Each structure stands twice: as C-alpha cells, then as structure tokens.
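One structure is given below, encoded as structure tokens.
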Amino acid sequence: MKVLRITPDRCTGCMRCELACSYMQTGTFQPAKSVIRVSPFEAYASYAPYTCPQCAEAWCLTACPVEAITVSPVGAKVVLDDVCVGCKLCTIACPYGTIFYNAETGKAFKCNLCDGQPACAEACPTQAIEYVEAETHDWLGAFAAERAARHLTTLASA
Amino acid sequence: MVRHVIVGGGTAGMNAITTIRQYDKGASEIVLVASERPYARMVLPYYLKGDISEAHVYTATPARLRALDVQTYIGRRAVGLDPQAGTVTLDDGTQLAYDDLLIATGSSPVRPPVPGADAADVYSFWTLEQAQAVLHRLRPGCHVAMVGAGFIAFTILNAILARQARLTVVEIAPQVLPRMIDAQGAKLVEEWLRQRGVHLRTGANLTAIEPADGRKRLRFQEGEDVVADVVILATGIRPNLEWLEGTGLAINRGVLVDEHLRSNVPNVYAAGDIAEGRDLVRGEAAVHAIEPTAMEHGRVVGANMAGQPVAYRGSLLMNIVEVLDLEIASFGAWDDPQAEVSQALVPERFAYRKLLWRGDRLVGAMLIGPSREVWTSNDLGMLKGLVQSGIRLGAWKSYLHHHPFDVKRAFIAAGTTARLLPQTVLGSPSVPAAAVAVRRGV
Amino acid sequence: MGSTVPGGYAGKILRVDLSTERIWTEELTPEVCRTYVGGAGLGAKILWEEVPPEVGWDHPDNRLIMATGPFAGLPIWGTGGLTVVTRGAMTNGATNTQANGFFGANLKHSGYDAIVIQGRASRWVYLYIYDDTVELRDATPLLGKDTWETQQALEQLLHLSGHQLSVYSSGVAGENQVRFAAIAGDYGHVASKNGCGAVMGNKRLKAVAIVRGTKGLRVADPRGLMLAAEEIADDLKYDPSTRSLYEYGTLPGVMNLLRLGALPIKNYTTNVAPPGVDLDKWTAPGLRNGFPHRGYQCNACGMHHCHTQVLPAGPHQGELVDEPEYEGWSAGWAMGCTDPVAVAWLNTQIDRACVDVNEFGWLAGWVMECQEKGYITKEQLGGLELRWGDVEAANRLLQMIIRREGFGDLLAEGVKRAAERLGGPAAECAIYTLVGNTPRGHDHRARWEELLDTCTGSSGTLDSGPPVRHTEWGLPARFSTFDPEAVARVVGVTRGRRHFEDSLGACIFTTRTYMATLCRALNAVTGWDFTKEEAMRCGRRTAALLRAFNVRCGITPDLERPSKRYGSVPVDGPAKGQDISKHWEHMLDVWYETVGYDRRTGKPLPATLRELGLEHLIPALWGSEEAAHARR
C-alpha cells in the first residue's frame, strides 16, 4: 500500500502541510484541524511532520462502538461522519495520537490519505512528505533522537 | 460442527462473534443469548442528547446477525449453567448445549441504599430502556438532580444541558470523578462546570429521596434539600454474576480469566464487564468495566474460541469523557500511590497533565484540556501509547518531569512508534465489522 | 468573522489601549480592505488618521500597529509575518518595517488582521492573544530578558513549543528605549527599522505573545489560490533573477556586492577585502555549508532561505544561532570582521539584544574607526578597546548600549545623534542620513538607486528596494547604477511596488515575482479583480500617505541627503572615484517629477493625491496653498 513517507531532515517547519491538510478536512485554512502536525525536536528548531501510520490492526477502527471507522480503497482508516457519534473512544485507543475529536462537528477525524492524493505531500515544498509504496515505519524516531539529544544537553546546561 | 454459545450481546459478545466469523468464515455454529437487542451503550448519551435516533443505537441488526450466521435468543436471559452437562438454561426454560461458552452478561447499575432510591420514578441511566425513560422526562427548564459524579454521570451531562435542563450534581465523595482523576484535576473540572452554570455538591451524603408534589426531594446528612423534577442515579455498577452462583466458576469481583480469557471451568470463557482479567500495567486481575476492555476481551476471546491461541497482554484501564468541550482522560495506574509524579497545571487554559512513573516507564497518566486545543488531542493518544508500550523513556523522564505538556517530543524521540507498530492485539489486520459476513442474500 | 469581509481576511482589528488596559475589536470593512489591502497600507491609513503631528514617537498617543494582510496564514510562500507601522524613534516620522516568522499566521488564525496599540501602561505588561482570549498580563518576570529568553520564558510558562506560540518583543534595548531598538520574534525574525522597538518599550509593552489560533480562514477560490501559489513558487524557483535567492536566501549578497564594490568594509574606508581573507567561506555555499544547518522557514515557505545554524567552532561552539541574512554578514564586514563564525554569533547577539543590525554595524564600525584614529578614547568607552573585527568587544559595546551604560547611553541614540553630539572629525566618519536613520548594509556609494531611495524614503529606511521585475513597467532590464537620470527614474517608477507587497501579509522576498502574478493570487484569495495597475496604485497610495505623514511631522526635503561619509567618494575598489554628490540635486529633480511630489515642500501634489484617491488629504496637506500651487 502507498503510505506517507516522511524524510524529517528535509522539513523546514513551514507548516504548509498543515494548511493544505486542514483545507481538505474543513474547507478552510485552519491548522488546528490538520491531521498532520509539525513540531520541533531540538529547542525551537529541527521540525518534522507526524501523522497516522495507518497501522494494519487499527486501534481506532476496533475501538469504535458504532463501526464508524472503516478502510478506504487506498487502505486508509477513515471516519464515516454520518456514523460517528463523537464518543472519543478512538482518540484514547490510538496509541499514536493521530485521531482527533472536532468539538465543532462533534465527530472524530483523522488522516484519510485524501483518497489517494494526499494534500500534505503535494503542498510540501521540500518533499519531506512523499506518498509512495512502502511499509509503514517509524519515520521520525532516529531523527528526533539525534536532534533531541542536543536539546536535552542544552536544557541540562541551562 | 463446533457450537459456540455467547451469552450477552454487548460489546464483548458482539466483538467475539465478529472475530470468530473473521477467522472461521462460518465453519461453526454460533448461538447468541441476549436480554436486549444488541446496541452500543457508549452512544446512549448521544441518543439522549438528540444527536442520533434510536435506530442508530443498535450495533447488530437482524440482517447483520443473519449475515454472521448467528442463531439468536433475543429477549432471553440465561438463568443457569451446568458445566458438567455443557448446557445453559434460559429464563423460558430452554436448554442450550455448547461446545464452548462465552459469559459476557455485563453489569447493572447499583442504587444507593437510601429510602426512596428504588422508586420507579427515580431513574438509572444504563440500559436503552432506562435511557428512553429519562429522555421522556427531560423538558426545557426542568431541574435534574444527578446523584453521583462518576464517569457514567459525566457522559450524560452534555445531553441534559443541551436539552436546556437545569442541573445539580451531588456526589458523596469530596470531588467529582473520584475513580477517574485526582483532586487537583477535579478542582479544575468543577471550576469549568460551575462557570457554565452547573450546580455541584460534593461530599454530599444522600439520606433519602422523597416524593414532593410530583417532584422529588433529596435529603442529605448536612445542608439544604434539593428539589428536582427528575432524579437520575449514577452511583456505580456491578457485574451480573447472580446466575453463576454455585457453578464452580472461580469468581472474585468478576469471573477470573487467564490470558486466553478462559475461566477455571473447561470450555467456559468470560469477557467484558463481568470478567476479571489481567490489567496491563499492574499485572493483577481486575474488573475494568469499561468499553475498551470489553472490546479487546471480545476480540481476544473470539480468536481463541475460533481456535487461534492468542495470548492477551492485558487491558489498559482508560477513560475519556468530555463535558462542555473540556476533555478529561486518564490512563493506567493514574492513582498509583507508589508512583513518582510529574505534573503541570495551566489554570487559565484549563489544562492539566499528570504523569505517573515507575522507574523510567510511564505507568499512568491524566489529561485535562479544552477539546479545541490541538495539544489536548495530540497528547491524548500519545499518553496512551507511552503507558501501553511500557517504553523506557531514559533521559526523557526528567525532561517530561519539567515539561509534562511536551509529550510529543519525548514520545517520538524515544522511538515509541517503532515499539508500538508490532504491538498488536490479534496480530492480524483489522477488518471492519460490516465486512465480516459469511452468508449473503439471506 | 464579519460575513461581508473578503476571503483571506479574519475581519477584525484588535485594539489595545495600554493606558486604560481596555481591549476591543473593530470590524474591517470591505472598502478598507480593497483600498489599503492590509499591512503597510492599513497601517499608513491608521497612522495618518490617528497620530497628529504633536504626537511624537514617545507620546502615549502614538500608535504601534502590527498588521498582517490577506495572504497571511495561507499556503502562499512566506506568509507568516507582520508589518510594523508607527511613528518611529530614529526619524520621528513614519515607520514601515517587516518581520517574518509565524506572528501573522498565528494572529490571523486567532481571528485578527492587525493589532493597534495605543497608550502607555502603568506597569510592564505583555499582550497575550489566543483566539477570543486577549489579555494584558504582568511582564515583571520577563524584564531584563532578551528576545530569545522572553520567548523561552513564555513557552515555559504557557507550556507551548515551536510554532504553537509566536512571541515578538523588543529585548533589553526596547526596555531602555534605545533609539534603534527593533521588534523581534520567533528566533531570528526582526522588524528592525526606525526604532519601532523603542516605541514598544516606551509603551511598557514587553512582548506580544500569540498562540496559534484555532480559527479557519476562508478564501474566495481555494483551488485558484493553490494554483497561484504554485505559480509564484515556480517563478521563484526557476526565474534567473530569483533562483539564487530561492536556493540560498540573501547569502549570495556578500560576494556579489563585493564584486560591485558595494559591500561596506570597515565603515566605508575601503571596498577591497583585506588580504588573507578566505573568500571561499563567503560564497553562498560556503556560508550555508560552513555550518551544520537546519531549514527554519516561515509560514508555508518553500525557499531555502531562513536557517538555523550550529556554531561549528570558536568560543561559542555548539550554540544554536540564526543564520545571518546578508545584512548581518555585512554588518560584520562594516566592523572589519571577516570570520563567518564570529559574525554569525554576533548577529544572534544583536537579534537577542534587539537592535537594528544595520545601525549597530555602522555604529560599531564608526566607533572602531574613531578609536583607531583617536577621536574616541578608550577612557570614554569605560576602558573598552574596540579593534577592527573584534566581535567579543563589539558585543560588550552592544550590551553597554542596550543598558545605556556609560558611553553606551550616547551611542544608544544612534549614529546620527551620537555623531552630532561628538562633532569634529568623529562626526565626519559617521554614516547616516540627515533624516536620522542609516542605510541598509550596503555601500550605497556603489549603488546609487538605494542611496537615493534611502534618503527620500518615508519609512525610516529605503522605500522601494532593489527593482523587481521592473520591465513590467516599461523600464529597461539593465541600467547603470552610476547613471543619475536612469537611477532616479527607476526609483521613482518602481515606487509603490514594495508598499503593495508589504500590504499583502507576505514576505518581500517571496513576492519577487510579477505583479500580475501577485494579483492573480490576491484575486483568488479575495474574489477581487485587481490588475497590476490597481496594485501599483494601491502601493503608491500607501507611499503617498506615509510621505504626507512625514511632511506633516516636519520632515522636509532639505533633510533628504546623506551624511558626509555616506555621500563620499569610494577610495578604492570597483566604484573608486564615483561621486554621487555632483548629481544629487538633479537626481532629486527627476525623482520628484516621476513620483508626482512637490520638489520644494516634499508634499504629494494635489493631482497625485487625487489620482490615488487621497483627495481627503488635500485640505490638511495643502490648505489654501492648493489654489496658489494651481496658479504656479
């Protein structure tokens, strides 16, 4: 299946993916509603985007008491808005922190891979996000560990 | 053909059935005994609020049950079990023989032992029928007294307020949500509710519920009476164990089960609110009586009944409730008195984090924050991931101690994702329940 | 959100009166949006209407306007910044200065297009903004902190990190009302000109902290916007005029300007690199790759411009610093420092102290030259020895200045005032304009268009900047920087473009595309039908408003000239012997005629004002003189 491959050292923290994603989610540019989220790993620097790994045995899907989460043709785990009641069980079941509750709509929302044309990958000016055939993977761990080592050292000496 | 008898059509029972069918594609006989049509208890508050209709509440329609090739005894209760004979007796006298049996009969609300609490016009909120009774009494402007300020009570606060009722919550404990969050978190929640017009009385010892001209008068050991139009009792639940007395099943608080959800009696499994299984963090047997545990129990027991020897790591205690757009959640050993604690409070943003440590592992966590905040939703799942994975956080422990709100940086840099990816429950890709059908066009 | 406001706008101006601690909002009307767009245009309108001539830069009634525009917070490259408009401390006239980062994006997502601050607080406060929560909070714990420390302290206090919180403050320099104090935030983004930070300090406003808001921005045609944004991006990436900017930001400037004799070296005493300097280190790839670096872009920006560096060597090895812009590197050269690692470190100290890097460069270079020549003694400097190229000593001088300690108190008044106070031969070495500001980090004696632009500017700095895609206006693609006529014409004809760019809520580097392209993006966002002519007219309107404001403040054309050193003749290098002073009056004649301002009084002519839709300024600006002028 095609997944969002993140190459974190290409990310410059411009947050353009969040804007593009939020547009797909809400029809407005509202990064608070983005399901890809960029954050720093070394003091205020070394940003990287983080989003749903589309895990095979999906915690969110199995947690849903009303079967509002299903698998889309491109393999994304997706929320069916008309079925979701907003109980938020998925948001505590997902151990990756990548399914969210929208208080305005009263629904859960998450990455749906934009039905196979992910807006974040298209929006990323540095190809830090690519939509490619690959096994899902911990794309950020090693990068974050390396960059954050400096962060921890800096804090210790501060 | 193997015959599985499932007693209970709640979350555990239905997940077990779907999982059995996912594995055996119909190569067994399944019999479901359920006192009500299967529905999702978690969604009753949204039904009460008016967000969804009754039809939306049911989890398994007759068509679905047919597609899963399930023989049903809906509206029947199991009243007896004979392990030697391998039979279950129903309330109408029917005897069902089983090759294996799943006990998933859930739990029922407990009423407080005070005069008047058992009156018919004093309501519980647990079953669909009870939800409907409450629904028919709620009128705009009416005064609702909620007895109990635990999880169940909190799940319906939004609905009561959305129906423009006035609300007084009385709780015997000195704080709200006493079995879900600590006192500091509770203070924050109480402030949030008070600012939004909810009357709270904690430490209130109810002594009687009396009729009062078509209304109800609540009396307390101390303080003024409360007169309300509708009284809802939400003072706890207990497992429905009565019918299992004298069967030889090992029962503590619930039916004790091993890592395959087997009881001590051969071919008898238990799952959900009635089962006392391994708690993931504490390692001991516990009755969680929460939806996520019932769901996982159901899946694991279903796999085992279908012949997959799936061992269960245990259930993670977790709760989330949102009141008027404030998220409140706790995970694992959130009240572990032996744990080291890291916490931070931002009162003006109504945000709170508490982390509980054993060594450099997170064993419990608590989160409070407004729903609309990005970091509330970010941290929710990640805290669960940290507790669930049991990952060693090393140097990040002291970082999180000073920055309990910067969960994400630590989560990712510690390599939690890599650790979580292979950590699954059944070890096979999940299939939407709707896609699990063994008979078509029937 | 106002329902009538065009796409791209949040629809509200946030008003703060520090004297009464009152906070309120004001609806933005569609007419104001269309006429002034935002940013510099909106700021100029408010400045003209609300700051009368008797309200000087340090008067409580002065307005500090932090404005964004319709692009801010959208996925167009480089749209996170703010434009600061105020009556500034250096010229005591209009200020229009831009910083980038995430301030503008966070503000727009909180629901505001601009913040207008007036009054003076009775205690030190910071302004906290998060959606509908806007509060003045006690800033006592932040006092004495530099810009980075202020941001870190608020991150700690609010438990937020990264772009979730944008904090702009004015450092210790602002607290002490250093005349060239800047406003800086998001670790390295500076609105540096005309002492806007002194205004902030005068108001006892320590910082503005904006949490990334949760509100959505609607646009007229989202698909059109994405396509227009891609068109701008593509142009920046592949057009020969912007390609190196795309790849390296302003880093190529050092070698490019050295080749032209426009890199300022040792306070304009030479234009030749000292022997032994490893110029390979000063190429764009040398400066970028000479440091471990991480991209650190502003909102939605795909440029490889802003970066964070790790100092690879020296006494500060391992520290995270902001990769200097050209202006930062050139300030190093102005002080005679040719070690990139040392300059990179000093540059961040300047950001953190929060003063204009150009002004400090000229100031430190001037003190170095004066000390070498004996015009300023070690004793005057409290024992400080300031030798060419010594960044550690320069930093000690910086710390004296921002605390106004000893001689630092005089230097805190900026080059012009310090030079005039000292007088004598020291004054003759100082680089400034008579209006009160100093140039950008170039040697303008080899870049006449910018010398003219700096002296005639009404913003506290140059108004138009280097010409961008100027062939759009029928100007020749190439012209000689030493051709007085052509230079004055180009500066005049392109006037307004920068003002328009600076009204969009976008970075002046990512708007270096065709005006027609910018208009397509603006129209997709707002649903308007802007042509490039209307856009230029909009920019010229803003320019004229700022000019009118300055005239009303008493800034007259006789001040529009360089100091002796600034207007002198280069003694070596590629521009050796080029003498602008011979042509100066003629250049002004041509410029005034081109822009339609009155050569004698400096005022925009009534006809110009009418053409720009500013006829309402005529009575205030011309009064009965108008009739007289019409007869002339």
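Heads up: the sequence lines are chains B, D and Y, in that order.
Taken in order, the first sequence gives residues 64 to 221; the numbers are from the working numbering.
Taken in order, the second sequence gives residues 4 to 445; the numbers are from the working numbering.
Taken in order, the third sequence gives residues 7 to 638; the numbers are from the working numbering.
Heads up, the beta-carbon is just placed ideally off N, CA and C, and yes, glycines get one too.
Note that the coordinates shown come from a computational prediction; the quantities given were computed from them, not determined experimentally.
Any C-beta of chain B sitting closer than 8 Å to the C-beta of residue i?
i: V377/D; result: yes
i: R40/Y; result: no
i: H322/Y; result: no
i: R358/Y; result: no
i: M369/D; result: no
i: I331/D; result: no
i: L381/D; result: According to the sequence displayed, residue 381/D carries Asn and not Leu. Yes, N381/D counts as interfacial toward chain B.
i: Q124/Y; result: no
i: R182/D; result: no
What first and last residue would you give for the beta strand (DSSP E) that runs through residue i?
i: G393/D; result: Counting along the chain, G393/D falls outside any beta strand (DSSP E), and DSSP gives it neither H nor E.
i: V474/Y; result: Careful: V474/Y lies outside any beta strand (DSSP E) and carries neither H nor E.
i: W360/D; result: 354-361
i: L424/D; result: Taken as a continuous stretch (DSSP letters only), L424/D belongs to no beta strand (DSSP E), as it is neither H nor E.
i: K65/B; result: 65-69
i: A111/B; result: 108-113
i: Y50/D; result: Careful: Y50/D lies outside any beta strand (DSSP E), inside the alpha helix (DSSP H) at 47-52.
i: R21/Y; result: 18-23
What does residue i touch in chain B if you count any residue whose Cβ is under 7 Å from its own?
i: S250/Y; result: Ordered by position in chain B, no residue passes the 7 Å Cβ test against S250/Y, which lies about 17 Å from the chain.
i: R300/Y; result: A108, S109
Could you tell me whether the Cβ of residue i comes closer than 8 Å to any Cβ of chain D?
i: G8/Y; result: Residue placement at G8/Y cannot be trusted, given a pLDDT of 44 that sits under 50; the coordinates are not used to answer.
i: T220/Y; result: yes
i: A221/B; result: No answer about A221/B holds up, because its pLDDT of 42 lies below 50 and its placement is not dependable.
i: A120/B; result: A small fix is needed here, since residue 120/B is Glu in this sequence, not Ala. Chain D, which has a Cβ nearer than 8 Å to the Cβ of E120/B, makes this yes.
i: S85/B; result: no
i: E130/B; result: yes
Taking CB distances under 8 Å as the criterion, tell me whether residue i reaches chain Y.
i: A421/D; result: no
i: C183/B; result: no
i: C77/B; result: yes
Residues of chain Y with CB closer than 9 Å to the CB of residue i, please, in chain order.
i: V349/D; result: L163, L164, H165
i: T189/B; result: G301, Q303, G308, H310
Tell me the residue span of the alpha helix (DSSP H) that contains residue i.
i: W30/Y; result: Here W30/Y belongs to no alpha helix (DSSP H); instead the beta strand (DSSP E) covers 28-33.
i: V497/Y; result: 490-499
i: T41/Y; result: 36-42
i: D459/Y; result: 454-462
i: S336/Y; result: 332-340
What does residue i touch in chain B if you count any residue whose Cβ is under 9 Å from its own?
i: N106/Y; result: Ordered by position in chain B, no residue passes the 9 Å Cβ test against N106/Y, which lies about 11 Å from the chain.
i: Y49/D; result: V148, G149, C150, G169
Find the residues of chain D that neighbour residue i, judging by a C-beta separation of less than 7 Å, and give them in chain order.
i: V142/B; result: Correct list: empty, because the minimum Cβ distance to chain D is about 12 Å.
i: K65/B; result: None at all; the shortest Cβ gap to chain D is about 16 Å.
i: V134/B; result: P435
How would you list, in chain order, the residues of chain D whose beta-carbon sits under 8 Å from the beta-carbon of residue i?
i: I69/B; result: The contacting residues do not exist; I69/B stays about 11 Å from chain D at best.
i: I99/B; result: Those do not exist, as I99/B stays about 12 Å from chain D at its closest Cβ, beyond 8 Å.
Would you mind telling me which residues of chain B sit closer than 8 Å to residue i, beta carbon to beta carbon, in chain order?
i: V428/D; result: E120, T125
Chain Y partners of residue i, CB-CB under 7 Å?
i: P103/B; result: S167, G168
Cβ-heavy atom distance between residue i and the ligand ADP below 7 Å?
i: A136/D; result: You won't find the ligand ADP in this model; it holds no ligand whatsoever.
- When Cβ atoms are compared, which residues of the stretch 388-412 of chain D fall closer than 9 Å to chain C? Absent here is chain C; the protein component of the structure consists of chains B, D and Y.
- Query: Is the number of C-beta pairs between the stretch 133-141 of chain Y and the stretch 207-219 of chain Y that are closer than 8 Å three or more?
  - Reply: yes
- Complete runs of the beta strand (DSSP E) confined to the stretch 225-304 of chain D [at least 3 residues]: 229-231, 233-236, 240-242, 271-273, 278-281
- Complete runs of the alpha helix (DSSP H) confined to the stretch 182-210 of chain Y [at least 4 residues]: 202-208
- Message: Quick check: the stretch 409-424 of chain Y against the stretch 181-196 of chain Y, are at least 3 beta-carbon pairs closer than 8 Å?
- Response: yes
- Message: Does the contact criterion of 3 or more C-beta pairs under 8 Å hold for the stretch 255-275 of chain Y versus the stretch 333-344 of chain Y?
- Response: yes
- Task: Decide if the stretch 218-231 of chain D is in contact with the stretch 239-248 of chain D; the criterion is three or more beta carbon pairs, one per stretch, under 8 Å apart.
- Result: no
- Within the chosen definition, does the stretch 35-53 of chain D reach the stretch 149-169 of chain D through at least 3 CB pairs nearer than 8 Å? yes
- May I ask you to verify whether the stretch 26-35 of chain Y touches the stretch 238-258 of chain Y, counting CB pairs closer than 8 Å and requiring at least 3? no
- Item | Contact between the stretch 289-304 of chain Y and the stretch 496-507 of chain Y (3+ Cβ pairs under 8 Å) | no
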